[in-house]
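Asks: Take a look at this one; I'll ask things after.
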Amino acid sequence: MGYISEGIYHYRTFNGGEQGNEEFIPGLKAGDNREIMVAVAGYLAESDEQSLVFLPDKDSTRRIAMRLYYEIDLPPAQKAIDELKLLEDTNSRDALLETLEGGIAFHNADLNMV
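According to our numbering, the sequence shown is numbered sequentially starting from 1.
Here you go:
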């Protein structure tokens, strides 16, 4: 279990509880956290791993999702697309449909739920 901050993976092992830190992507330097998030998400996607990126506001969530959509080559999330098309039209729904075409999703509190 762990998290990545400024390019460093901070972790605690599940069974033993040992804690440690290690460079997550060799050569990735601390700097703009958004650049690090994009690099880490891309690295994980290329390794067939899923990731969650937490951002402080709706605008950042959408911008980073769109950036990942353009920078990472993933297959469409077709089941989610099919289900989302059944919901009421909103700006968030339309933006989410676009990013789901590239296998990227985001969540904001203003998405309507069925």
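Just so it is clear, CB atoms sit at the ideal spot from N, CA and C, and this is done for glycine as well.
Suppose you measure from the CA of GLY7 to the CA of ALA45; what does that come to, to the nearest Å?
Replies: Position 7 of the sequence shown, counting from 1, holds the residue named residue 7. Position 45 of the sequence shown, counting from 1, holds the residue named residue 45. GLY7 and ALA45: Cα-Cα distance of roughly 16 Å.
Asks: For THR90, does the count of other Cβ atoms within 10 angstroms reach 16, so buried, or fall short, so exposed?
Replies: Numbered from its first residue, the sequence shown carries residue 90 at position 90. So THR90 counts as exposed.
Asks: Give me, in chain order, the residues of the same chain whose beta-carbon lies closer than 7 Å to that of GLY20; leave out the 5 immediate sequence neighbours on both sides.
Replies: Residue 20 sits at position 20 when you count from the first residue of the sequence shown. Taken in chain order, the residues that qualify are TYR11.
Asks: Tell me whether SER148 sits in a helix, a strand or coil according to DSSP, three-state version.
Replies: Outside the shown range of the chain, which is 1 to 114, sits residue 148, and nothing can be said about it.
Asks: Can you give me the Cβ contacts of THR61 inside the same chain, cut-off strictly under 7 Å, excluding the 5 residues immediately before and after it?
Replies: Taking the first residue of the sequence shown as position 1, residue 61 is located at position 61. So the qualifying residues of the chain are LEU55, PHE106, ASN108.
Asks: Which same chain residues end up closer than 7 Å to PHE14 when comparing Cβ atoms and leaving out the 5 residues on each side of it in sequence?
Replies: Numbered from 1 along the sequence shown, position 14 holds the residue referred to as residue 14. Closer than 7 Å at the Cβ level, and outside the excluded window around PHE14, lie MET1.
Asks: Express the C-alpha separation of TYR3 and GLU98 in angstroms, rounding to a whole number.
Replies: If you number the sequence shown from 1, residue 98 lands on position 98. If you number the sequence shown from 1, residue 3 lands on position 3. Going by the C-alpha atoms only, they are around 28 Å apart.
Asks: Along the chain, where does the alpha helix (DSSP H) that runs through ASN147 open and close?
Replies: Here the chain comprises residues numbered 1 to 114, so residue 147 is not present and cannot be evaluated.
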